[in-house]
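Number of protein chains: 2
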Amino acid sequence: MTLIVKKYGGSSLSSVAKLRNIAKTTHDLHHNSNQKIVVVLSAMGSSTDKLVDLSIRAVKDANKRDYDMLLSSGEQVSIAMLSMLINDLGGRAIPLTGWQAGIKTDSSHANARIKSINTKRIKAELRKNNIVVIAGFQGITSEDNISTLGRGGSDTTAVALAAALKADECHIFTDVDGVYTTDPRICSKARRLDLLTYEEMLEMSGLGSKVLQLRSVEFASKYNVPIRVLDAHKNNALGTLITKEEKKMEGAIISGIAFTKDEAEIMIKGVKDQPGVAAKILGPIGTAKIEIDMIVQNVGSNGLADFTFTVSRNTLKNAIKVIENNKKSMGYSSFDTKNNIVKVSLIGVGMRSHAGIASKMFKCLAKNKVNIRMISTSEIKISVVIDQKNLEIAVQALHNEFKLDKK
Amino acid sequence: MTLIVKKYGGSSLSSVAKLRNIAKTTHDLHHNSNQKIVVVLSAMGSSTDKLVDLSIRAVKDANKRDYDMLLSSGEQVSIAMLSMLINDLGGRAIPLTGWQAGIKTDSSHANARIKSINTKRIKAELRKNNIVVIAGFQGITSEDNISTLGRGGSDTTAVALAAALKADECHIFTDVDGVYTTDPRICSKARRLDLLTYEEMLEMSGLGSKVLQLRSVEFASKYNVPIRVLDAHKNNALGTLITKEEKKMEGAIISGIAFTKDEAEIMIKGVKDQPGVAAKILGPIGTAKIEIDMIVQNVGSNGLADFTFTVSRNTLKNAIKVIENNKKSMGYSSFDTKNNIVKVSLIGVGMRSHAGIASKMFKCLAKNKVNIRMISTSEIKISVVIDQKNLEIAVQALHNEFKLDKK
Numbered sequence: 236m237t238l239i240v241k242k243y244g245g246s247s248l249s250s251v252a253k254l255r256n257i258a259k260t261t262h263d264l265h266h267n268s269n270q271k272i273v274v275v276l277s278a279m280g281s282s283t284d285k286l287v288d289l290s291i292r293a294v295k296d297a298n299k300r301d302y303d304m305l306l307s308s309g310e311q312v313s314i315a316m317l318s319m320l321i322n323d324l325g326g327r328a329i330p331l332t333g334w335q336a337g338i339k340t341d342s343s344h345a346n347a348r349i350k351s352i353n354t355k356r357i358k359a360e361l362r363k364n365n366i367v368v369i370a371g372f373q374g375i376t377s378e379d380n381i382s383t384l385g386r387g388g389s390d391t392t393a394v395a396l397a398a399a400l401k402a403d404e405c406h407i408f409t410d411v412d413g414v415y416t417t418d419p420r421i422c423s424k425a426r427r428l429d430l431l432t433y434e435e436m437l438e439m440s441g442l443g444s445k446v447l448q449l450r451s452v453e454f455a456s457k458y459n460v461p462i463r464v465l466d467a468h469k470n471n472a473l474g475t476l477i478t479k480e481e482k483k484m485e486g487a488i489i490s491g492i493a494f495t496k497d498e499a500e501i502m503i504k505g506v507k508d509q510p511g512v513a514a515k516i517l518g519p520i521g522t523a524k525i526e527i528d529m530i531v532q533n534v535g536s537n538g539l540a541d542f543t544f545t546v547s548r549n550t551l552k553n554a555i556k557v558i559e560n561n562k563k564s565m566g567y568s569s570f571d572t573k574n575n576i577v578k579v580s581l582i583g584v585g586m587r588s589h590a591g592i593a594s595k596m597f598k599c600l601a602k603n604k605v606n607i608r609m610i611s612t613s614e615i616k617i618s619v620v621i622d623q624k625n626l627e628i629a630v631q632a633l634h635n636e637f638k639l640d641k642k
Numbered sequence: 236m237t238l239i240v241k242k243y244g245g246s247s248l249s250s251v252a253k254l255r256n257i258a259k260t261t262h263d264l265h266h267n268s269n270q271k272i273v274v275v276l277s278a279m280g281s282s283t284d285k286l287v288d289l290s291i292r293a294v295k296d297a298n299k300r301d302y303d304m305l306l307s308s309g310e311q312v313s314i315a316m317l318s319m320l321i322n323d324l325g326g327r328a329i330p331l332t333g334w335q336a337g338i339k340t341d342s343s344h345a346n347a348r349i350k351s352i353n354t355k356r357i358k359a360e361l362r363k364n365n366i367v368v369i370a371g372f373q374g375i376t377s378e379d380n381i382s383t384l385g386r387g388g389s390d391t392t393a394v395a396l397a398a399a400l401k402a403d404e405c406h407i408f409t410d411v412d413g414v415y416t417t418d419p420r421i422c423s424k425a426r427r428l429d430l431l432t433y434e435e436m437l438e439m440s441g442l443g444s445k446v447l448q449l450r451s452v453e454f455a456s457k458y459n460v461p462i463r464v465l466d467a468h469k470n471n472a473l474g475t476l477i478t479k480e481e482k483k484m485e486g487a488i489i490s491g492i493a494f495t496k497d498e499a500e501i502m503i504k505g506v507k508d509q510p511g512v513a514a515k516i517l518g519p520i521g522t523a524k525i526e527i528d529m530i531v532q533n534v535g536s537n538g539l540a541d542f543t544f545t546v547s548r549n550t551l552k553n554a555i556k557v558i559e560n561n562k563k564s565m566g567y568s569s570f571d572t573k574n575n576i577v578k579v580s581l582i583g584v585g586m587r588s589h590a591g592i593a594s595k596m597f598k599c600l601a602k603n604k605v606n607i608r609m610i611s612t613s614e615i616k617i618s619v620v621i622d623q624k625n626l627e628i629a630v631q632a633l634h635n636e637f638k639l640d641k642k
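Residue numbers (the numbering used here), protein chains in the order written: chain A, 236 to 642; chain B, 236 to 642.
Here it is as structure tokens:
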């Protein structure tokens, strides 16, 4: 007897027709196999946006507890509808809201974290041979108030339920049929990956492959829940299985190429090369709640250093203000900013045991006349900042160089 | 310290602007007085209709438990919004769904009855000086499934909460400023009543004055909860207070004139005047789930009787079919039906101690050339069936005759 948790996002639920398809697939699977099935749903289509809009029209800064009460009604509609459709097909389904499913969270309304899941009710419904249709994205605080997990939280709900129920796999249905070696819109040779480790997926999502929510992958990694990313519109596809490393096949060194386009670079010039200078510069930036991504410091022969870092492009203006206002304490001579840059990252757990990946990457970029502005490396990732105009050529060249189009 | 339960229906909640008005009124009252306030809300505007429509587009005959899950999301939106607006004004409000408010019902989904209310959470919130904003129309079954009370159930929620919390009054805000002696569209002299007994109101609502839901008045009568019907769009109005009889002022014999226009009459002729004949005729009608209102039997000198009763106009066709199919067992010679009839009722607890009301009523109708087709009486009500064309003249004449335009 296997237990599968299946999660469908809002765009797979944007019409009654789409819901009916999911009802049919789920009912057929339940009817024709020995599987126990838990389905986790987001709100239908753009209904969450509509609820957000309603609150914006009412107040500027909504009470977060009230806001959670408002938003959580969205998933209540979708679980009721799917359960109705399955029951109408002669199937057996029961809809459960977050609190009914025993999902307890902390009290950080609008951005709550799951603390525990009391699976008693879910297990009782599964024993009754019901398909259990659960509202994603929501739970209940210890004060018995409804909470939400923040945008994309339904992925986390699904993985957390899979962990708590010791499910065999957690299937995340999306608009794509799996995780790709890179974005097919940038590189036509991009290929769907059969297998990926949690760590690789974390680097992929963190860097902008928007298939899975970061928190859900962390959760899956922590509790060792195999996640399968699948296309909501195709039946019987294999998708991409995300799991822990030992299951990974031999051979693949690089799994994929991720990139982010919303970066901006700030170069602070002529700071003294002495302990504490990084803190002096980054302190006020952090206080202003501006997130910093890559940081590079290089020392010139004159005892002065250049200090370069990247921020999200939409925070650049704010960052400039902070730097100008703190000239004295930061102690620099001048600074430059650059908007049109991108970050390209090579990702793969195989890097750990294979030397020379970085130099192969840099040579490939050089051969293609792509100038590297910044470099940063981790155990399973090498990131470079380059001019935005070189994005496509860099991704395509690296994809070829590391033969990512071949298994 | 007084405690007031205030209930607003869907049409008073059809826009953010209307909600904002209610938020302001409620916050001001809470802020400037020593009152504890519980607010009960229906779903906003036509949102329940939209949810019903969504379910109809999906399935023909929805699972009622799923249907309740769907519909109950509507009040969740309105309580979240009102609480948000009150909190935004600097007030203190907390939204509670049916289950959070401790409203336990039986398991008759889509038409559940409140069994008990655990007021612990509500009382705790009131002690914290919160305005408690509660979702009407919904509760939770002993199996922890969400239930709804059926259309108009928010009135019942409000009265049940007022009873459980021993509230001083239950204010029902509607589109009218109170209960009238009769429909002002039929009789321009119709006057708002200051005071009415539960029994009179029951006869009024049962007969088609659609101000309050019947069940809520029964509930109020059982637990002696004073109800005040008020205009949602006017502040500081008095409305109509509905309460038990001893509080009623002296003097008023007749409180109002109610009427229903959706009646049809069926006359079964030539049945034997012997025990059991009523059961023989009405049995098959009841089996077909057709509701019968008035019944009159009169015996002719030939030992045969005519048996006349009224049904709802939209069930007449069905009733005719049943009568035709059961000619043998019913044992009649022929039957007639009449569509264009109405029922007009004089209502007042004063009838109990005042003789001659009926004859005064019949004389008045005769003087105005209104022919009476059927008569039925109860302790506090006299109903007559007349031709539809005489409705206005009858109501106006009776209104004048019993001086209902004067206090």
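Cβ atoms here follow ideal geometry from the backbone N, Cα and C, with glycine treated the same way.
Neighbour-count burial assignment, S307 (chain B), 16 or more Cβ in a 10 Å radius: buried
Minimum Cβ-Cβ distance from R362 (chain B) to chain A less than 8 Å: Output row for R362 (chain B): interface = no.
Nearest neighbour of R300 (chain B), chosen from B:K642, B:H344, B:S318 and B:S351 [CA to CA]: Cα-wise, what sits closest to R300 (chain B) is B:H344.
Alpha carbon of K339 (chain A) to alpha carbon of R348 (chain A), nearest angstrom: The C-alpha of K339 (chain A) lies about 9 Å from the C-alpha of R348 (chain A).
Identity of the residue in B:I555, B:L238 and B:L248 nearest H468 (chain B) by Cα: B:L248
Under 9 Å (Cβ pairs) to chain B, residues found in the stretch 239 to 252 of chain A: V251
Rounded straight-line distance, which links the Cα of V584 (chain B) to that of E435 (chain B): Distance between the alpha carbons of E435 (chain B) and V584 (chain B): 7 Å.
Contact with chain B by L581 (chain A), beta-carbon distance below 8 Å: no
Separation of A425 (chain B) from R608 (chain B), as counted between CA atoms: 25 Å
Proximal chain A residues relative to L396 (chain B), where beta-carbon distance stays under 7 Å: By Cβ distance, chain A contributes nothing, its closest Cβ being about 18 Å from L396 (chain B), past 7 Å.
Rounded straight-line distance, which links the Cα of I257 (chain B) to that of T416 (chain A): 55 Å
Within chain A, partners of P461 (chain B) - CB distance below 7 Å: Here the premise fails: no neighbours, minimum Cβ distance about 30 Å.
Euclidean distance between Cα positions of A252 (chain B) and G385 (chain A): 28 Å
Ranges of the alpha helix (DSSP H) found wholly within the stretch 569 to 625 of chain A, counting only runs of at least 4: 592 to 602
Separation of L431 (chain A) from T495 (chain A), as counted between CA atoms: Approximately 20 Å, taken between the alpha carbons.
Beta bridge counterpart(s) of H406 (chain B) as assigned by DSSP: B:K241 and B:R463
Contact between the stretch 565 to 583 of chain A and the stretch 604 to 619 of chain A (3+ Cβ pairs under 8 Å): The answer is yes - the stretch 604 to 619 of chain A touches the stretch 565 to 583 of chain A, with three or more Cβ pairs under 8 Å.
Bridge partners - R427 (chain A), DSSP secondary structure assignment: A:Y415
Inter-residue spacing [alpha-carbon to alpha-carbon] between S580 (chain A) and V620 (chain A): 9 Å
Buried versus exposed, by CB contacts within 10 Å (16 or more), V534 (chain A): exposed
Check whether I352 (chain B) and A399 (chain B) have beta carbons under 8 Å apart: yes
Distance, Q335 (chain B) Cα to A370 (chain A) Cα: Answer to the nearest angstrom: the Cα atoms are 17 Å apart.
Beta-carbon proximity list for V287 (chain B), same chain, < 8 Å, skipping 5 on both sides: L306
Three-way DSSP call (helix, strand, coil) for D508 (chain B) in this model: coil
L476 (chain B) and D403 (chain B) closer than 8 Å at C-beta: no
Contacting residues, own chain, Cβ-Cβ under 6 Å from K624 (chain A) (five flanking each side not counted): There are no such residues.
First through last residue of the beta strand (DSSP E) which encompasses Q373 (chain A): Q373 to I375
Chain B within 8 Å of S308 (chain A), Cβ atoms only: So yes, S308 (chain A) belongs to the interface.
N- and C-terminal bounds of the beta strand (DSSP E) containing D323 (chain B): D323 (chain B) -> not in any beta strand (DSSP E); alpha helix (DSSP H) instead, spanning S308 to D323.
Local conformation of F454 (chain B) per DSSP, three classes: helix
DSSP beta-bridge partners of A328 (chain A): A:I366
CB contact flag (A499 (chain B), T383 (chain B), <8 Å): No, the Cβ-Cβ distance between A499 (chain B) and T383 (chain B) is not below 8 Å.
Spatially closest choice to S456 (chain B) from B:L473, B:N470, B:V446 and B:E480, by CA coordinates: B:E480
Which of helix, strand or coil DSSP assigns to Q631 (chain A): helix
With 16 other Cβ atoms within 10 Å as the buried cut-off, status of Q509 (chain A): exposed
Top-ranked residue by Cα proximity to T237 (chain B), from B:S423, B:A328, B:C405 and B:N380: B:C405
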